[in-house]
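Novice:
Residue numbers (the numbering used here): 508 to 671.
1) For the alpha helix (DSSP H) holding residue 650, just list the boundary residues, first then last.
2) Just list the residues that DSSP pairs residue 608 with in beta bridges.
3) Assuming residue 511 and residue 574 are in contact, meaning their beta carbons sit under 8 Å apart, how far apart are those beta carbons, in whole angstroms?
4) Identify the residues that DSSP records as bridge partners of residue 555: which are they?
5) Using only the alpha-carbon positions, how far apart do residue 671 and residue 578 sit?
6) With residue 545 and residue 532 assumed to form a contact (beta carbons below 8 Å), what rounded beta-carbon distance in angstroms separates them?
7) Quickly, what does DSSP pair residue 546 with across the bridge? List them, please.
8) Assuming residue 580 and residue 547 are in contact, meaning their beta carbons sit under 8 Å apart, how far apart are those beta carbons, in whole angstroms?
9) Measuring only the C-alpha atoms, how far is residue 524 from residue 536?
10) Can you have a look at residue 530 and say buried or exposed, based on whether 16 or more other CB atoms are within 10 angstroms of its CB?
11) Is it right to say residue 543 is buried, meaning 16 or more other beta carbons lie within 10 angstroms of its own, or is it exposed?
12) Are the beta-carbon atoms belonging to residue 606 and residue 517 less than 7 Å from one another?
13) So, for residue 638: in the same chain, excluding its five sequence neighbours on each side, which residues have a beta-carbon less than 7 Å away from its beta-carbon?
14) Hey, out of 583, 599, 591, whose CA is closest to residue 527's CA?
15) Would residue 597 and residue 513 be called neighbours here (beta carbons separated by less than 7 Å)?
16) Any idea which residues DSSP pairs residue 511 with across the strands?
17) Residue 650 and residue 641 look like a contact to me (Cβ under 8 Å); what is the Cβ gap, rounded to whole Å?
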């Protein structure tokens, strides 16, 4: 099976998801229709960005993503009981998952329900995801560096991938 990667930023409204992607690209960015390139350590890496969680936009992933599955997807995800459906979409398509969870429990009255009853994090981990907890109130450069390091290492170990 073809190797693919999803890097997701999971959080509530206002947690810092968009700030993460804007800082990652060094400018304000929006979801596009095409793959874009990011350069990390002189390595040009093609990625597809979904800035604006599908649940926040009330849009299915099928309508956001191009017809051909991108090899690397960067996406925001709303911390909501229905987010498992979004992750399931990528899991069924064979993506490796690296998820940054921003501000768990910070001013969140639904945190216990989502964590214990909906089991979002347990679901991710039981499906092989790497989950990293981050403070979205801290400077975004720290979490962006973590994303870039993970992306670069993953890309270099899968460098035999062909990209259009």
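For glycine and all other residues, C-beta sits at the position ideal for the given N, C-alpha and C.
The structure displayed is predicted, hence computed values, not measured ones.
Specialist: The relevant details are as follows:
1) For the purposes of this step, residue 650 is identified with residue 143 of the chain shown, where counting begins at 1. Per DSSP, residue 650 belongs to the alpha helix (DSSP H) from 647-664.
2) Taking the chain shown and counting its residues from 1, the one referred to as residue 608 is at position 101. Per DSSP, 517, 640.
3) Here residue 511 refers to the residue found at position 4 of the chain shown. Here residue 574 refers to the residue found at position 67 of the chain shown. With 8 Å as the limit, residue 511 and residue 574 do not qualify as a contact, their Cβ atoms being about 15 Å apart.
4) Here residue 555 refers to the residue found at position 48 when the chain shown is read from its first residue. According to DSSP, which records beta bridges pairwise, residue 555 is partnered with 580.
5) The residue given as residue 671 occupies position 164 in the chain shown. The residue given as residue 578 occupies position 71 in the chain shown. With a pLDDT of only 41 at residue 671, under the threshold of 50, the placement of this residue in the model should not be trusted; the figure read from the coordinates follows. Roughly 10 Å separates the two Cα atoms.
6) Position 38 of the chain shown holds residue 545. Position 25 of the chain shown holds residue 532. Right, their Cβ atoms sit about 7 Å apart.
7) Numbered from its first residue, the chain shown carries residue 546 at position 39. Looking at the DSSP assignment, residue 546 forms a beta bridge with 551.
8) For this step, residue 580 is matched to residue 73 along the chain shown. For this step, residue 547 is matched to residue 40 along the chain shown. Contact flag wrong, Cβ pair sits at about 16 Å.
9) Counting from one through the chain shown, the residue named residue 524 turns up at place 17. Counting from one through the chain shown, the residue named residue 536 turns up at place 29. So the alpha carbons of these two residues sit roughly 12 Å apart.
10) To locate residue 530, count along the chain shown from 1; it is residue 23. Buried, since its Cβ has 16 or more Cβ neighbours within 10 Å.
11) As a working note, residue 543 is residue 36 in the chain shown. Exposed.
12) Along the chain shown, one-based indexing puts residue 606 at 99. Along the chain shown, one-based indexing puts residue 517 at 10. Their beta carbons are under 7 Å apart, which means residue 606 touches residue 517 by this criterion.
13) On the chain shown, position 131 is the one that residue 638 refers to. So the list reads 606, 608, 628, 631, 632, once near-sequence residues are dropped.
14) Counted from its first residue, the chain shown places residue 527 at position 20. When only C-alpha atoms are compared, the closest one is 583.
15) Along the chain shown, one-based indexing puts residue 597 at 90. Along the chain shown, one-based indexing puts residue 513 at 6. It is a contact, given that the beta carbons lie within the stated cut-off.
16) Taking the chain shown and counting its residues from 1, one reaches residue 511 at position 4. Answer by DSSP bridge pairing, in chain order: 602.
17) Looking up residue 650 in the chain shown gives position 143. Looking up residue 641 in the chain shown gives position 134. Yes, residue 650 and residue 641 are in contact; Cβ-Cβ is about 5 Å, under 8 Å.
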